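J.: I have a structure here, written as structure tokens, and I will follow up with some questions on it.
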Amino acid sequence: MTMEINISELKRAHLFELAGRVDSTNASELGETLNRVVENGRTNLVLDLYGVEYMSSAGLREMVRVLKRVKKSGGDLRIANPSERVKEVLELAGLDTIFNIYPTQVEAVGSF
Amino acid sequence: MRKTLTIAARFEELAKITPVIESMITAELSQVRDQVVLAVHELCVNVVQHGYAGVEGLIALEAERQGRTLTVSITDGAPNAYSPPDEIVPPDPMMLPESGWGIYILHQVMDQVHYQRLPSGNQWILVKEIGEELNR
Chain A
4 MTMEINISEL KRAHLFELAG RVDSTNASEL GETLNRVVEN GRTNLVLDLY GVEYMSSAGL
64 REMVRVLKRV KKSGGDLRIA NPSERVKEVL ELAGLDTIFN IYPTQVEAVG SF
Chain B
151 MRKTLTIAAR FEELAKITPV IESMITAELS QVRDQVVLAV HELCVNVVQH GYAGVEGLIA
211 LEAERQGRTL TVSITDGAPN AYSPPDEIVP PDPMMLPESG WGIYILHQVM DQVHYQRLPS
271 GNQWILVKEI GEELNR
């Protein structure tokens with residue numbers, strides 16, 4: 004399964020719903036999608052990772068890059084509803100303490 | 151049980167590794183299976199990116215189960231050697247580094263990671279103790 008990204012422009016934040024595999028073949032597409040929104044001045048971002056069945060370090064790298072960028076502008080990249088597999092990868096990399104992670108989209112978007 | 155696979159050293163070829171590794175660990179241990187798949191993929195991404203670094207070549211994978219032990223050997227013919235650090239330290243998340251996650255995850259997941267530079271490339275041996283006997 005390839006990666007799918009669904010984008011919703013909400014009042015408080017941009018919501019990105021990801022599904023499928025995020026790996027070295029398509030992680031840059033994730034970064035480009037997030038960066039396009041940041042370039043338009045939107046720096047409050049929520050990434051819903053419930054539908055992600057596989058996330059490699061290439062995906063983590065893109066997320067970290069965007070997190071650094073939005074934080075410089077006073078924004079944040081927050082994670083909602085990560086799948087068990089994603090949660091484990093974040094923990095293995097030690098990134099679960101860096102990203103703000105919420106159990107639901109509503110809580111993640113509402114946190115801004 | 152022993153399986154081998156040889157693929158071109160390209161990112162789009164790496165998906166072929168997944169079924170080979172998955173066939174070595176039963177679905178009941180899906181967490182361990184996913185971890186080993188992730189670890190092998192992370193290593194092969196490094197082989198493509200840093201070993202071959204744009205040069206065409208091959209990656210040979212050999213996976214063998216003996217009882218509870220899974221051994222995965224990954225051999226390449228890449229021109230570039232690796233310099234594995236003596237000690238694996240986690241990337242400092244507070245510094246938000248953009249690299250180093252893959253190899254760190256590899257060491258987190260596998261019980262043993264061995265590297266040697268061969269005359270014609272590189273060889274990595276990864277070992278994982280699986281909590282089940284293989285009865286197939």
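So the sequence lines, in the order shown, correspond to chains A and B. Residue numbering for the first sequence follows the working numbering, starting at 4 and increasing by one per position. Residue numbering for the second sequence follows the working numbering, starting at 151 and increasing by one per position. All C-beta atoms, glycine included, are put in the ideal place defined by N, C-alpha and C. Given the structure is predicted, the values throughout are model-derived calculations rather than measurements.
Kindly give me the distance between the Cβ atoms of residue 25 of chain A and residue 37 of chain A, rounded to whole angstroms, as I take these residues to be in contact under 8 angstroms.
T.: Contact flag wrong, Cβ pair sits at about 12 angstroms.
J.: Spatial neighbours of residue 191 of chain B within its chain, please: C-beta separation below 7 angstroms, excluding the five flanking residues on both sides.
T.: Once the five neighbours on either side are set aside, the close Cβ partners of residue 191 of chain B are 164, 167.
J.: Determine which residues of the region 179 to 212 of chain B have a Cβ less than 7 angstroms from any Cβ of chain A, and write them out in chain order.
T.: From the region 179 to 212 of chain B, only 184, 188, 191, 192, 195 have a Cβ closer than 7 angstroms to chain A.
J.: Helix, strand or coil: how does DSSP classify residue 287 of chain B here?
T.: Absent from the model: residue 287 of chain B. The displayed extent of chain B is 151 to 286, so no value can be given.
J.: Check for me: the beta strand (DSSP E) holding residue 185 of chain B runs from which residue to which?
T.: Unbroken run through residue 185 of chain B is the alpha helix (DSSP H), 180 to 196; no beta strand (DSSP E).
J.: Please compile the residues from chain B whose C-beta is within a distance smaller than 7 angstroms of the C-beta of residue 68 of chain A.
T.: Simply 248.
J.: Would you kindly check if the distance between the Cβ of residue 251 of chain B and the Cβ of residue 60 of chain A is under 9 angstroms?
T.: Going by C-beta atoms, residue 60 of chain A is nearer than 9 angstroms to residue 251 of chain B.
J.: Note down the Cα distance separating residue 82 of chain A from residue 17 of chain A, rounded to an integer number of angstroms.
T.: Their Cα atoms are separated by approximately 12 angstroms.
J.: If I follow the unbroken alpha helix (DSSP H) through residue 74 of chain A, where does it start and stop?
T.: 60 to 75 is the extent of the alpha helix (DSSP H) around residue 74 of chain A.
J.: Just how far apart, CA to CA, sit residue 244 of chain B and residue 90 of chain A?
T.: Taking the straight line joining both Cα atoms gives about 18 angstroms.
J.: If I measure Cβ to Cβ from residue 187 of chain B and keep anything under 7 angstroms in the same chain, skipping five residues before and after, which residues do I get?
T.: If we look at residue 187 of chain B and ignore the five residues flanking it on each side, its Cβ neighbours are 168, 171, 172.
J.: Should residue 247 of chain B go down as buried or exposed, given a rule of 16 or more other Cβ atoms within 10 Å for buried?
T.: Residue 247 of chain B is exposed by the Cβ-count criterion.
J.: Pull the bridge partners of residue 213 of chain B from the DSSP assignment, please.
T.: DSSP, once it has assigned bridges, lists B/153, B/222 as partnering residue 213 of chain B.
J.: I want to verify the contact list: residues of chain A whose CB lies under 8 angstroms from the CB of residue 169 of chain B, in sequence order.
T.: Residues of chain A passing the Cβ test: none, with the nearest at roughly 14 angstroms.
J.: By DSSP, does residue 14 of chain A sit in helix, in strand, or in coil?
T.: Correct three-state label for residue 14 of chain A: coil.
J.: To the nearest angstrom, how far is it from the Cα of residue 30 of chain A to the Cα of residue 65 of chain A?
T.: For residue 30 of chain A and residue 65 of chain A, the distance between alpha carbons rounds to 7 angstroms.
J.: Taking the continuous alpha helix (DSSP H) assigned at residue 230 of chain B, which residues delimit it?
T.: Element bounds for residue 230 of chain B: n/a, residue is neither H nor E.
J.: Taking the alpha helix (DSSP H) that residue 239 of chain B falls in, what are its first and last residues?
T.: Residue 239 of chain B -> no alpha helix (DSSP H), and no H or E assigned at all.
J.: Just the Cα atoms here: how many angstroms apart are residue 266 of chain B and residue 277 of chain B?
T.: Whole-angstrom Cα-Cα distance: 15 angstroms.
J.: When Cβ atoms are compared, which residues of the region 11 to 36 of chain A fall closer than 8 angstroms to chain B?
T.: So the close ones are 26, 27, 28.
J.: For residue 286 of chain B, which of helix, strand or coil comes out of DSSP?
T.: For residue 286 of chain B, the pLDDT reaches just 49, beneath the cut-off of 50, and the residue's location in the model is therefore unreliable, leaving the point undetermined.
J.: Does any residue of chain B have a CB that is nearer than 9 angstroms to the CB of residue 105 of chain A?
T.: No, because no Cβ of chain B sits closer than 9 angstroms to the Cβ of residue 105 of chain A.
J.: Find the nearest neighbour of residue 80 of chain A within the set A/115, A/95, A/94, judged by alpha-carbon distance.
T.: If we check each option's Cα against that of residue 80 of chain A, A/115 comes out closest.
J.: Which of the three DSSP states is assigned to residue 248 of chain B in this structure?
T.: DSSP places residue 248 of chain B in coil when its eight states are reduced to three.
J.: Do residue 256 of chain B and residue 227 of chain B have their beta-carbon atoms positioned less than 9 angstroms apart in this structure?
T.: Not a contact, by the Cβ cut-off of 9 angstroms.
J.: Taking the beta carbon of residue 286 of chain B as the centre, do at least 16 other beta carbons fall within 10 Å, making it buried, or is it exposed?
T.: In this prediction, residue 286 of chain B has a pLDDT of 49, which is less than 50 and means its spatial position is unreliable; nothing more can be read from the coordinates.
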